[in-house]
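All residue numbers for the sequence shown refer to our numbering, where the first residue is 389 and numbers rise by one.
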Amino acid sequence: MNTKRTRLQNTQRPVSFDELNENDVVETSSDVQVINAGPKYETTERVFRLLHLLTANDCSRDDIFGRLKDYYKIGDDDDPKVKASSQRAGRMLGRDLQFLKKMGYQIEESRADNVTRYSLVKGTGPGGTFLLNQSELDALVLLHALFADPTKYAQIDATHPLPAQPPRNPFAEEILLLIERLAATLSAEQKKYFDRWARKPYVYFNMDTVTDYLPHRITIDVIVKAVSRRQQIRFEYASLLRQKILHEHIDPYYIVHQDGHLYLIGYSHKANSFLEFRIDRRPVEFSYWIDGSIAKSGLSQRWLMHTIEREEAYIDEDGKQRRRVLVRAKAYSEWRIIQQMHKYGDKAELVSPPELRERMRKEVERMYGYYQK
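Next comes the structure, spelled out in structure tokens:
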């Protein structure tokens, strides 16, 4: 027993079963008494049985003594008073509960109608030092930077090209709490390293969204619940500029993050196909002319879908014959459509919808004005 006690102490465990001193005395003869110097197997087993019971259930004292009566040495003929806090079985239970608390378990006690109930707080327990190698520690810092606001820790200075505060990711708070809880278990040296670089990342790689999706968290939770329960959903759906349409009998499959937006992938029984629905509004259908040389090398894969409607020849301003292709496509963002048209330059012309073409015309007109000065 002495050897086992020494080994436990050398491992620097904060609490050991040696602290569960039952103060039991075993009589070996009328002349000799042996005082237990260490934990007994039955004591250890009793504590683990109690922990297992509380992990699965909320229990009253009677529940505990009824399920573990052999471990608490309660016989059928014993006076019920032995279960009282001041009596033998009650004192044993009290010591066991205190020991579990010292080990880091949180045990809540509630009392109603003279009945005390015990419940184990999920996720609590003995915490140990969590060691990572350097690459894993750097990965944890990067993971934190994916969801942390890059302006939260850094002092805002107009001369520093820090990224603007991003829109709120609807899951960022929960993920950051989990990462910080994991970081709290690091060794002192690694925790200092994590805190330093989490507050001043060497890589700003924030997983932000184009718009603030935090107000849509309730909608996301409803969809997730429907997916988990395999329930159909119905909803009205439209872009900012279009009339709302009622969609019924939609089987939700999952939510994806794409192009800075969140989309529901669902099966429409009416359309007999899978459709994509942006959580805050629907995709935009548009058409544009593009130079045949670009179309020949392959159309952009950044659109949700695209089809070639027709190809035609035309004469350019230099009198040369060229070919262009009319493409009809769907995209997630009107802003991204315009940005891509800018990238194509004079090799593309946005045709429809009319309101988006007008918006594009005004942007080009404004840009043209910059160069007239």
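Beta carbons: idealized from backbone N, C-alpha and C, even for Gly. In this text, all values refer to a predicted model and were calculated from it rather than measured experimentally.
Point to revise | Distance CB(P640)-CB(A659) smaller than 8 Å | key: No, the Cβ-Cβ distance between P640 and A659 is not below 8 Å.
Review point. Buried or exposed: where does H440 fall if 16 or more other Cβ atoms within 10 Å of its Cβ makes it buried?
Key: H440 should be labelled exposed.
Check your understanding: Who are Y662's beta bridge partners in DSSP?
Key -> In the sequence as presented, Tyr is not what sits at residue 662; that position holds Phe. Assignment of beta-bridge partners to F662 by DSSP yields Y655.
**Study point:** Whether C447 touches Y506 by CB criterion (8 Å)
**Key:** Cβ distance < 8 Å, so C447 and Y506 count as in contact.
Review point. If you follow the beta strand (DSSP E) that V715 is part of, which residue opens it and which one closes it?
Key: Note, V715: beta strand (DSSP E), 709-719.
Practice item. Could you say which of Y581, L565, G478, S498 lies nearest to S523 if we only look at CA atoms? Key: Nearest option by C-alpha distance: Y581.
Exercise for review: Write down every uninterrupted run of the beta strand (DSSP E) in the segment 450-536 whose length is 3 residues or greater and which is fully enclosed by it, in chain order.
Suggested key: Within the segment 450-536, the complete beta strand (DSSP E) runs of at least 3 residues are 495-500, 503-508.
Exercise for review: Quick one: give me the first and last residue of the beta strand (DSSP E) that D679 is part of.
Suggested key: Note, D679: beta strand (DSSP E), 672-679.
Exercise for review: Please determine, among Q709, H645, T512, the residue with the shortest C-alpha to C-alpha distance to T443.
Suggested key: The candidate whose alpha carbon is nearest that of T443 is T512.
Review point. So L531 and I495 are in contact, right, with Cβ under 8 Å, and what is the actual spacing, rounded?
Key: The Cβ separation is near 32 Å, so there is no contact.
**Study point:** Nearest-angstrom Cβ-Cβ length linking Y625 and I633, presumed shorter than 8 Å
**Key:** Yes, Y625 and I633 are in contact; Cβ-Cβ is about 6 Å, under 8 Å.
Check your understanding: How many Å lie between V672 and W691 at the Cα?
Key -> Their backbone Cα atoms lie some 10 Å apart in a straight line.
Practice item. Could you pull the start and end residues of the alpha helix (DSSP H) that I563 belongs to? Key: 560-571 is the extent of the alpha helix (DSSP H) around I563.
Check your understanding: Distance, Cα to Cα, L438 vs A571?
Key -> The C-alpha of L438 lies about 30 Å from the C-alpha of A571.
Practice item. Could you give the DSSP three-state label for Y759: helix, strand or coil? Key: Residue state for Y759 is assigned as coil, using DSSP reduced to three classes.
Point to revise | Beta-carbon gap between I775 and A736 smaller than 8 Å | key: Absent from the structure is residue 775, since the part of the chain shown begins at 389 and ends at 761.
**Study point:** Supposed close pair M480, Y460 - CB separation, criterion 8 Å
**Key:** So it is a contact: roughly 6 Å between Cβ atoms.
Practice item. Would you decide whether T504 is buried or exposed? Buried here means 16 or more other CB atoms lie within 10 Å of its CB. Key: Answer is exposed; the Cβ neighbour count stays below 16.
Review point. Rounded to whole angstroms, how far is the Cβ of K469 from the Cβ of R449, which I believe are closer than 8 Å?
Key: Incorrect: roughly 13 Å between the Cβ atoms, too far for contact.
**Study point:** Cβ neighbours of E722 in the same chain (closer than 7 Å, five flanking residues each side left out)
**Key:** Within the same chain, E722 has close Cβ partners V672, L744.
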